[in-house]
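Undergrad: In the numbering used here, the protein residues as written are 19 to 117. All C-beta atoms in this analysis are idealised placements derived from N, C-alpha and C, irrespective of residue type, glycine included.
Structure representation (structure tokens):
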């Protein structure tokens, strides 16, 4: 099943700015080759369920390696037979805004 997830992940107790840790997770996502879109409050990732969940797990473990507490939220939208959903979902809304 194809999924789009919205992942937010950051360490707790590592100071006010956690960009260094977020960048570590985003690099894992980019290196996966899965379609993704970085946002200000999370990253959307699209792919088959098992592939996406493996990437999410690697991101969590990468922060867990040197952080005593990691906070993660994950929203999942699963849909059989879908591909290109990251672009399509946004595009469908934007089309309706233009008129």
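1. Going straight from the alpha carbon of residue 108 to that of residue 114, what length do you get?
2. Roughly how far, in whole angstroms, is the beta-carbon of residue 21 from the beta-carbon of residue 88, given that I think they are within contact range, below 8 Å?
3. Since residue 71 is in the alpha helix (DSSP H), which residue starts that stretch and which ends it?
4. With DSSP run on the structure shown, which of helix, strand or coil describes residue 103?
5. So the alpha helix (DSSP H) residue 87 belongs to, where does it begin and stop?
6. Mind reading off the beta-carbon distance from residue 77 to residue 25? Whole number of angstroms is fine, and I expect it under 8 Å.
7. Tell me, please, which residues DSSP counts as bridged to residue 31.
8. Alpha carbon to alpha carbon, what distance is there between residue 43 and residue 28?
9. Are there any heavy atoms of the ligand HEM lying less than 8 Å away from the beta-carbon of residue 94, as far as the coordinates show?
10. Return the bridge partner residues of residue 64 from the DSSP annotation.
TA: Here's the rundown:
1. 10 Å
2. Contact between residue 21 and residue 88 does not hold, since the beta-carbon distance rounds to 21 Å and is not under 8 Å.
3. 67 to 82
4. helix
5. That residue, residue 87, is in no alpha helix (DSSP H); it is neither H nor E in DSSP.
6. About 7 Å separates the two Cβ atoms, so the contact holds.
7. Residue 31 is not bridged to any residue.
8. 9 Å
9. With respect to small molecules bound, the structure shown includes none, and the ligand HEM cannot be examined in it.
10. 22
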